[in-house]
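Following numbering that gives the first Met the number 0, the residues of the sequence shown are numbered contiguously, the last one being 129.
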Amino acid sequence: MAPDIAQQEQRESAQGQTQGGTASRAAAGAPYTIAGKTGTAQVFTVAQNKRYNEAAISERLRDHAWFVAFAPAEAPKIAIAVIVENGRSGSGTAAPIARTIMDAYLLRKFPTVRRENATAPAANSDVSEE
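Printed below as a string of structure tokens:
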């Protein structure tokens with residue numbers, strides 16, 4: 000396959016994820032076309048044909064969520080990869096974060112910072128100061 004045809008096929012496939020696939024919610028209403036792919040990465044292995052009870056396991060063992068994308072799909076100006084540790088869902092967690100970043104970059108539309116719910120980082124007992 001010619002490189003230009005392969006590139007077009009890749010672009011159309013990635014656009015399919017945002018126009019009706021798993022990332023369609025995050026791309027809805029964007030004034031530019033997003034091409035991307037969502038995914039999850041298991042933290043631990045589950046036996047074949049088995050599902051784990053998310054409520055019964057520690058949050059630190061939940062699936063990692065990711066989304067890779069570029070926009071505008073026709074002539075990309077930004078490429079992004081978002082990984083959320085233990086985020087559970089690429090489409091529900093990582094893709095909306097990527098959309099916010101792409102809107103900020105492409106549209107200069109910056110999110111509002113809510114300071115009333117800000118918290119300090121948790122202390123890490125695994126790190127010692129010298």
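Backbone N, C-alpha and C fix where the C-beta goes; we use that ideal spot for every residue, glycine too. Since the structure is predicted, the reported quantities are computational estimates derived from the model, not experimental observations.
Could you tell me whether the Cβ atoms of residue i and residue j are closer together than 8 angstroms?
{"i": "Tyr51", "j": "Val45", "result": "yes"}
{"i": "Ser90", "j": "Thr21", "result": "yes"}
{"i": "Asn85", "j": "Glu58", "result": "yes"}
{"i": "Arg87", "j": "Ala64", "result": "yes"}
{"i": "Thr37", "j": "Ala94", "result": "yes"}
With DSSP as the reference, label residue i as helix, strand or coil.
{"i": "Arg114", "result": "coil"}
{"i": "Arg98", "result": "helix"}
{"i": "Phe109", "result": "coil"}
Between residue i and chain C, is there a C-beta pair that is closer than 8 angstroms?
{"i": "Ile100", "result": "No chain C appears in the structure shown, which is made up of a single protein chain."}
Figure out for me which residue from the options has the closest Cα to the Cα of residue i.
{"i": "Ala80", "options": "Ile100, Phe109 and Glu53", "result": "Ile100"}
{"i": "Ala29", "options": "Ala93, Val83, Ala97 and Leu60", "result": "Ala97"}
{"i": "Gly35", "options": "Lys76, Phe66, Phe109 and Glu53", "result": "Phe66"}
{"i": "Leu60", "options": "Thr111, Ala26, Val83 and Lys76", "result": "Val83"}
{"i": "Thr39", "options": "Thr92, Val112, Thr111 and Ala26", "result": "Thr92"}
Run through the stretch 11 to 90 for me and flag every whole alpha helix (DSSP H) of 4 or more residues, listed as ranges in chain order. The qualifying runs are 23 to 26.
Between the stretch 62 to 79 and the stretch 96 to 111, do at least 3 Cβ pairs fall closer than 8 angstroms? Segments in contact, yes.
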